[in-house]
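**Q** Questions regarding the structure given below will be posed in turn.
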Amino acid sequence: MPVLDDDRLFPLDPTGRSIARDLFAEVRDLPIVSPHGHTDPRWFAENERFADPARLFVVPDHYVFRMLFSQGTRLEDLGVPRRDGGPVETDPRAIWRRFAAGYHLLAGTPSRLWLDHAFATVFGIEAPFTPATADDFYDRIEECLGQPDFRPRALYDRFGIEVLATTDSALDDLRWHRMIAGSGWRGRVIPTYRPDAVVDPDAADFRGNVERLGELAGCDIGTWQGYLDAHRSRRAFFREHGATASDHGHPSARTEDLPQSEAAGLYQRVLAGSASSEEADAFRGQMLTEMARMSLDDGLVLQIHPGSQRGHSSQISAAFGPDKGFDIPGRTDYVRALRPLLEAVGLQPELTVILFTLDETTFSRELAPLAGVYPSLRLGPPWWFLDSPEGMRRFRELSTETAGFYNTVGFNDDTRAFCSIPARHDVARRVDCAWLATLVASGRLGRDEAPALAEALTVGLARQAYRL
Amino acid sequence: MPVLDDDRLFPLDPTGRSIARDLFAEVRDLPIVSPHGHTDPRWFAENERFADPARLFVVPDHYVFRMLFSQGTRLEDLGVPRRDGGPVETDPRAIWRRFAAGYHLLAGTPSRLWLDHAFATVFGIEAPFTPATADDFYDRIEECLGQPDFRPRALYDRFGIEVLATTDSALDDLRWHRMIAGSGWRGRVIPTYRPDAVVDPDAADFRGNVERLGELAGCDIGTWQGYLDAHRSRRAFFREHGATASDHGHPSARTEDLPQSEAAGLYQRVLAGSASSEEADAFRGQMLTEMARMSLDDGLVLQIHPGSQRGHSSQISAAFGPDKGFDIPGRTDYVRALRPLLEAVGLQPELTVILFTLDETTFSRELAPLAGVYPSLRLGPPWWFLDSPEGMRRFRELSTETAGFYNTVGFNDDTRAFCSIPARHDVARRVDCAWLATLVASGRLGRDEAPALAEALTVGLARQAYRL
Amino acid sequence: MPVLDDDRLFPLDPTGRSIARDLFAEVRDLPIVSPHGHTDPRWFAENERFADPARLFVVPDHYVFRMLFSQGTRLEDLGVPRRDGGPVETDPRAIWRRFAAGYHLLAGTPSRLWLDHAFATVFGIEAPFTPATADDFYDRIEECLGQPDFRPRALYDRFGIEVLATTDSALDDLRWHRMIAGSGWRGRVIPTYRPDAVVDPDAADFRGNVERLGELAGCDIGTWQGYLDAHRSRRAFFREHGATASDHGHPSARTEDLPQSEAAGLYQRVLAGSASSEEADAFRGQMLTEMARMSLDDGLVLQIHPGSQRGHSSQISAAFGPDKGFDIPGRTDYVRALRPLLEAVGLQPELTVILFTLDETTFSRELAPLAGVYPSLRLGPPWWFLDSPEGMRRFRELSTETAGFYNTVGFNDDTRAFCSIPARHDVARRVDCAWLATLVASGRLGRDEAPALAEALTVGLARQAYRL
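If you're matching them up, the sequences are chains A, W and D in order.
If you're matching positions, the first sequence starts at 1 in our numbering and goes up one per residue.
If you're matching positions, the second sequence starts at 469 in our numbering and goes up one per residue.
If you're matching positions, the third sequence starts at 937 in our numbering and goes up one per residue.
In structure tokens:
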């Protein structure tokens, strides 16, 4: 039995499966449109080889190391760097063997699907990955990584990527994007404006960040208008380098639309570091509405990724820093939270706000009803812990009947694991074809309508929503 | 391929599908029992022809126009009247063409199922509805509407309706119901007592409404007892005209059971307009318990439809008024909220309180556990955004194991779209048969028990719960 | 058609069904590991016959009598004892007939599956249970109960139980467990340390309970340290009698980790009865963290069963006491609530904390993300109203992709209905095999990996997590 089943993720009944297979055949080879993710633009700028199998697949992948950690493996033993520079495993093969020893823990998870797919399709390894085969896998991958065909640009081409968006700090000089543009390479790697560090008063060195923003933009951040102008300037800079979207990762979906004089006063307090926790939160909310207004001017699509409670274990944060698998979702409200922004600009069809959630109870109760009526709103695909076959299925089941397909925006791979990009799009395409096949087989959709929808979910809606 | 698949909404596996088909054959032609809805009694009183296809299918259907609006079509261009009398499209064919141009947006929604069913079964049109066929559809429907067979009473008969409940203000004089009763027509169109306008202190002209209530009832609404007596009088009036139920649409499921002296004081403050927002809410909660007590006396079934946040966009409310697709569900609590009412009268088997929700997280957590033990409680069918194949399936999956079938009340079509009534009951019957077939095919229910349950879900439970 | 379908609860499609059948064949006859439940140790100590069919199947089963009560049968008529000693039905056959009259109400519920299974497999009755067959069933069961083969120990052996944990007050003298140990019988019936009565300041006679705890332990409960020492002493006593776990049923999952001096002050206030409701809640939360610390010392596994709002009807509580079907779930937060405990000891792999929930919205949002990273956390199986085929299916669908299989702990039958134990394990094994078969048939799991997982879910994970 091969590791990759040709019919994986399709419906189990023969009729549905047959329809899904036909639909998938039509979208399988379409280009990859990746409008939101976390790959490193430096890879494509320098086009150096990837370091080794462990640093490609294990060390940076929080899905993987959190699962191993949950069953008792120390992060140090997986090579995850400590903030204090304390000793961690440096032998990639030792890390790789620990990874193999815990691979069975990933049974039933999307990581397992992504990894199996990458091993088989990127590195051509047909065997199951087990402790017994770990060294063979390591050697094979290591050998590949040394070849020109496995450099970042070659893989970009092999993967059939049409466009790849990175996520970049508002303070980033976009040097790697400029280097790519100047290189003559035909790949399209575009930045995304992520201003959390200069919008969130609770961010580390917020004041310093804002001052740096002002310097970069040549604006006087001592005033509210100057601060907004600095954002406008940076957004223009990002747009000049290809950006079509901004992205905002807030603790909640709270928005505010304060009178400008109040907002200006609030800004002075957050800048002075004298704002209360509630005021800091209000400021984040105000800035979402300001960003939406700027989007109406400059056309950037606004993405909101709310509801993750970052760094749940202070001990892990202290020892290893952020993004170490300890970000835990919480309940997220959208109906009240988004109202100020929607009252201000929500009826404008020229604006596109893409909403994400980690609280899937909101799909049928809040998000589909909101996106099903506000012309500015679209639903982002299932995010993070929900970016999985069951998560995607529930998303379609819970949102389609109220929001339809055209208020959704296709798939985001949302990853820093470059080799998993084809795998993730493969999963999304299969699950979407399975859902369409189920609708057809149950008489809810015409067989003749399904191919156009499959193509829309694969490439069309993403191109349109993200203005690519 | 015909637009309507004979096996639509049945399980995909051959065994389940075969059982569902057999069960459905036994309930397909049972009469339509419609104990809750929003059709206009005037239609049946006057029995005039319906105006035109656009005003039948588009202009009043918030499911349809909210979807088109979400993708950029202006409400004015769909003929939705403005409160200021400003210009809107008046050409029904132009509206119809815009509807056809956006019909693909409804793919995967229940509206699509209802509309296809109505076109095919009510108007006999077999083709798919597209921009290319829009004019043919318009002409065919327009031609039908001019015929006697398409008048309201003829359609009522053709649809096989046994009883149809409307929803009527406590201040309504029920003239249309009286006109129907006096006409000799054998149709049973009954009113439902909906007192929101005289129970909700936040309703427009609450004081005026209450004064009008007192006049109609001949009671002194200056006192709490007089106000309650006025309700008793109006309820008796409604019962004389066939009503078997009341209905209450509150922002939350909050109930109160204050000492009568406190309730009387609270009433004086809401009447004087001096009540706080919290007191207004408490008053609504108190009135649910008072209505439950009256139900114990007069036998009216009490329906609670809580949890919709009405008029989310103030701009749309100002321009177009209520019920324009901008009512958005919110989280709803039942466990604490209903406790005062349940402590007062919840153990009485003679009382029937039917609970609805837009927050389906409550089905397994709160509603099924409550309805599975309190003799007065029953679960209403999936409501509004949840009145859909997936919503109905989830309702059964989430409630049956704790509340069983007999604490549910059958189907409500809950519609003002008269031609969609057969379609909605068709969907409900098919989904219920699919669920029963799944239970049988997975060994959870005897094949011999399923037909009686199918009939109960189709007509029996509704007749019993609503005392029809 | 037999009452028990051989393929019950398996997938409906032929491929999935065939795989499930093969997997189930391998685990069907594995021993029953029952690490959490509410059987009475006295049964096994004295090994007397069970009283009669009604007192075996109806009177103590809140799933059954709550459903009958919800449809109008009085608890008195089902023989449920009144606290005031008032008259209730004492004729077991009369109770039995009322049970039969309402048996159809259980269609679609897990109770129906459990009861049918017990009738067929424990008592060998093949017919459907109906009012017409009620007397035959009664006679047959009554006849069996008089035979030695139907005494508790004989059934324990026949059921293939490997270990059976009871749940016991911290104040229990474990006399029955000692009597079992001294009897020479080879059954393994072990206690579980349940200290709610001496940890919850809102418990009846909390002060008296704590004083009794001090006496039993020989500790001075006048001080915080003496109180903690008393717990340590009682836990040691329970461990000596076989306990491997403690269990905690709190209104919420709130934990605290106060400085010890604050905790000591808080203890004095709760002991004096002067603590506020908020302080009582904080004390419960503090004690969860203290118990976790003790677990690190003595190795007891810590189970948390939060989120039930006990005694929703005060009238029923007054008349019949607790556990009468009126405990209703509420929304439960874990992310913030557990943080103090997790900050204190959550990263210790030597600690095992098993989390349960009645709010299944937390599975994908909170519990799987938490258990998928904290080495101390494991997910308990679906609990109470969720201990059902649909509940189990949703649990796997909602938790596996983030927490995997190895952060779950197998099945708990959690029952006081002894004869239902084989039925409940049968349901769990079938549903788990169905889930594994679905993963295999959809290409998400290797066919060769599934048997080991099926065995782990059936016995391995329970033995490991509960240290049996």
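The C-beta atom is built at its ideal place from N, Cα and C for all residues, glycine as well.
The model shown is predicted, which means the values in this text are computed figures rather than measured ones.
Looking only at its chain, what residues have a beta carbon closer than 8 Å to the beta carbon of A:R476, apart from the 5 residues adjacent to it on each side?
**A** An answer regarding residue 476 of chain A cannot be provided, because it is not within the stretch 1 to 468 covered by chain A.
**Q** Give a yes or no on contact between the stretch 676-691 of chain W and the stretch 607-618 of chain W, applying the rule of three or more CB pairs nearer than 8 Å.
**A** no
**Q** Run down chain W in chain order and give the residues with a C-beta less than 9 Å from the C-beta of A:S18.
**A** Residues of chain W passing the Cβ test: none, with the nearest at roughly 11 Å.
**Q** Assign W:P555 to buried or exposed, taking buried as 16 or more other Cβ atoms, counted over all protein chains shown, within 10 Å of its Cβ.
**A** exposed
**Q** Quick one, which residues of the stretch 356-369 of chain A are near chain W if we go by CB-CB under 8 Å, in chain order?
**A** T361, S364, R365, E366, A368 and P369
**Q** Please check if any C-beta of chain A sits within less than 9 Å of the C-beta of W:T937.
**A** Outside the displayed range of chain W (469 to 936) lies residue 937 of chain W, so it cannot be described from this structure.
**Q** Beta carbons nearer than 8 Å to chain W: which residues of the stretch 437-466 of chain A have them?
**A** For the stretch 437-466 of chain A, residues whose beta-carbon sits nearer than 8 Å to a beta-carbon of chain W comprise T438, L439, A441, S442, G443, R444, L445, G446, R447, D448, E449 and L453.
**Q** Which residues of the stretch 780-792 of chain W have a Cβ closer than 8 Å to any Cβ of chain A? Give them in chain order.
**A** H780, S781, S782, Q783 and I784
**Q** Give every residue of the same chain whose Cβ lies closer than 6 Å to the Cβ of D:G1178, excluding the five residues on either side of it in the sequence, and list them in chain order.
**A** I1126
**Q** Is the number of C-beta pairs between the stretch 819-834 of chain W and the stretch 549-565 of chain W that are closer than 8 Å three or more?
**A** Counting Cβ pairs under 8 Å, fewer than three are found: no touch.
**Q** Taking the C-alpha atoms as reference points, what is the distance between W:D474 and A:G443?
**A** 8 Å
**Q** Kindly list the residues whose CB is nearer than 7 Å to the CB of W:A731, restricted to its own chain and excluding five residues on each side of it in sequence; keep chain order.
**A** W692 and Q754
**Q** Note the first and the last residue of the continuous beta strand (DSSP E) segment covering A:E162.
**A** I161 to A165
**Q** Going by CA-CA distance only, name the one from A:T90, A:Y103 and A:P11 that's closest to A:L68.
**A** A:Y103
**Q** Leaving out five residues before and five after D:W1050 in sequence, what residues of the same chain have Cβ atoms less than 7 Å from its Cβ?
**A** S1356, A1359 and R1360
**Q** Just to confirm, is the Cβ distance from A:D13 to A:A441 under 9 Å?
**A** yes
**Q** Which residues mark the beginning and the end of the beta strand (DSSP E) in which D:Q1239 is found?
**A** V1237 to I1240
**Q** Does any residue of chain D bring its CB to less than 9 Å from the CB of W:L845?
**A** yes
**Q** Can you grab the Cα-Cα spacing for the pair A:G184 / A:R178, in whole Å?
**A** 11 Å
**Q** Give me the Cβ distance between W:A918 and W:L574, rounded to the nearest whole Å; I'm assuming they're in contact under 8 Å.
**A** Wrong, their Cβ atoms sit about 32 Å apart, outside the cutoff.
**Q** Is DSSP giving A:I316 helix, strand or coil here?
**A** helix
**Q** Please list the terminal residues of the continuous alpha helix (DSSP H) segment that includes D:A1172.
**A** Segment W1160 to E1176, the alpha helix (DSSP H) holding D:A1172.
**Q** Which of the residues in the stretch 333-351 of chain A, read from start to end, lie with their CB under 8 Å from any CB of chain W?
**A** Within the stretch 333-351 of chain A, the residues whose Cβ lies closer than 8 Å to some Cβ of chain W are D333, V335, R336, R339, L342, E343, G346, L347 and P349, listed in chain order.
**Q** Determine the chain W residues that contact A:V373 at a beta-carbon separation under 7 Å, and present them in chain order.
**A** R534, F537, S538, G793 and F794
**Q** With DSSP run on the structure shown, which of helix, strand or coil describes A:L379?
**A** strand
**Q** Assign W:S714 to one of three DSSP states: helix, strand, or coil.
**A** strand
**Q** Counting beta carbon pairs with one atom in the stretch 191-208 of chain A and one in the stretch 236-255 of chain A, are three or more of them shorter than 8 Å?
**A** yes
**Q** What is the rounded straight-line gap between the Cα of A:A204 and the Cα of A:D52?
**A** 32 Å
**Q** Whole angstroms is fine: what's the gap from W:L739's alpha carbon to W:G798's?
**A** 28 Å
**Q** Output needed for W:S844: all residues of its chain with C-beta closer than 6 Å, excluding positions within five of it in sequence on either side, in chain order.
**A** Residues G814, Q816, L819 and V821 of the same chain have their beta carbon placed closer than 6 Å to that of W:S844, with the five preceding and five following residues left out of the count.
**Q** From W:I897 to W:D916, what does the alpha carbon distance come to, in whole angstroms?
**A** The residue asked about is misnamed: residue 897 of chain W is Arg in this sequence, not Ile. W:D916 has its alpha-carbon roughly 18 Å from the corresponding atom of W:R897.
**Q** Mind reading off the beta-carbon distance from A:V409 to A:A462? Whole number of angstroms is fine, and I expect it under 8 Å.
**A** 6 Å
**Q** Is the distance from the Cβ of W:L576 to the Cβ of A:G404 below 9 Å?
**A** Just to set this straight, residue 576 of chain W is Gly in the shown sequence, not Leu. For W:G576 and A:G404, yes; Cβs fall inside 9 Å.
**Q** Report the option in A:P382, A:S399, A:R396 and A:T402 whose CA atom is closest to the CA atom of A:D413.
**A** A:P382
**Q** Skipping 5 residues on each side, what residues in its chain have a beta carbon closer than 7 Å to that of A:I141?
**A** P53 and F123
**Q** With a Cβ-Cβ cutoff of 9 Å, do A:Q309 and A:I328 count as a contact?
**A** Result yes, Cβ atoms of A:Q309 and A:I328 sit closer than 9 Å.
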